[in-house]
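Reviewing the structure listed below.
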Amino acid sequence: MLNKTINILMQGVPNIDIDKLRLTIKDINGVKDIHHIHIWYLNENSIHFEAHILMDNQLLEKIEISFAEIKEILHDNYNIEHITLQPECKYCNNPAY
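Counting along the sequence shown from 1, when you hit position 36 you're at 41 in the numbering used here, and nothing is skipped either side.
Below, the structure written as structure tokens:
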């Protein structure tokens with residue numbers, strides 16, 4: 006109990022297989038990569054998640070569908086309530102590609 010309490014107070018990482026989580030998200034249609042992943046306890050009932058998601062060149066509505074699927078996986082499989090995702094696109098910000 007003491008170790009769990011210290012982990013929560015220090016906003017430590019929950020016991021989540023990050024490699025498995027990464028592979029699960031990368032299997033979603035339109036997702037090319039996931040990186041800059043941060044997962045931490047805010048309190049005993051709230052896990053926070055942040056990540057950058059590299060997307061295929063897609064219309065915004067398709068990105069929203071992919072993000073909804075990511076959020077559903079994180080909530081249903083890992084009990085993560087607070088999720089912040091930052092979309093990235095290889096060609097969007099660099100017209101030289």
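Glycine included, each C-beta is placed from N, C-alpha and C at the ideal position.
Quick caveat, the model's predicted, so the values are computed rather than measured.
CB I42 to CB A56, shorter than 7 angstroms? yes
Let me confirm a value: M60 is counted as buried when at least 16 other C-beta atoms fall within 10 Å, else exposed. Which label applies? buried
Among M6, N62, E49 and K76, nearest to R27 - alpha-carbon criterion: K76
Rounded C-alpha distance that separates H80 from E69: 16 angstroms
Run of the alpha helix (DSSP H) containing D24, from where it starts to where it stops: I23 to K31
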